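Numbering (the numbering used here), first residue to last: 173 to 283.
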């Protein structure tokens, strides 16, 4: 399940996590109207977040892949929750490690 958040870097605040893009647009518009007189703050951030509240765009590629896998596994049991259980993080790490070992093995066999 997708999660989105609006972050204002001027006020140093984040909106609550929302599930729909329409709700995200409403959060940003309400914040801008209430605190900034309708002006758009410089460097505001809007985007999809993982279950720990980190923007995917700000994560490195390997960490983002791990977060997406762990999010997907966690959503199987609790689609509306935040944070991941240990088993989801461990399984994501195992899957990424297995994929890396497979690629390494194929490249080694080819050489």
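Backbone N, C-alpha and C define an ideal beta-carbon position, used for all residues, glycine too.
Because the structure is a prediction, the values reported are computed rather than measured.
*Is DSSP giving residue 181 helix, strand or coil here?*
coil
*Pull up the distance between the alpha-carbon of residue 225 and that of residue 208, whole angstroms please.*
24 Å
*Could you please give the first and the last residue of the uninterrupted alpha helix (DSSP H) stretch that includes residue 200?*
193-208
*So is residue 287 buried or exposed if we call it buried at 16+ other beta carbons inside 10 Å?*
Only positions 173 to 283 of the chain appear in the structure, and residue 287 is not among them; the question remains open.
_In the DSSP output, which residue or residues are listed as bridge partners for residue 221?_
Residue pairing by DSSP puts residue 221 in a beta bridge opposite 227.
*Since I believe residue 217 is in contact with residue 181 (beta carbons under 8 Å), could you give me their beta-carbon distance rounded to a whole number of angstroms?*
7 Å
*Take every Cβ of the segment 250-258, pair it with every Cβ of the segment 271-282, and state whether three or more of those distances are shorter than 8 Å.*
no
*Whole-Å CB distance - residue 265 paired with residue 245, under 8 Å assumed*: Contact doesn't hold; Cβ gap of about 11 Å is too wide.
_Taking the beta carbon of residue 175 as the centre, do at least 16 other beta carbons fall within 10 Å, making it buried, or is it exposed?_
buried
*Report the residue from 192, 173, 200 whose alpha carbon sits nearest the alpha carbon of residue 186.*
200
*Which word fits residue 274, buried or exposed, when buried means at least 16 other C-beta atoms lie within 10 angstroms of its C-beta?*
exposed
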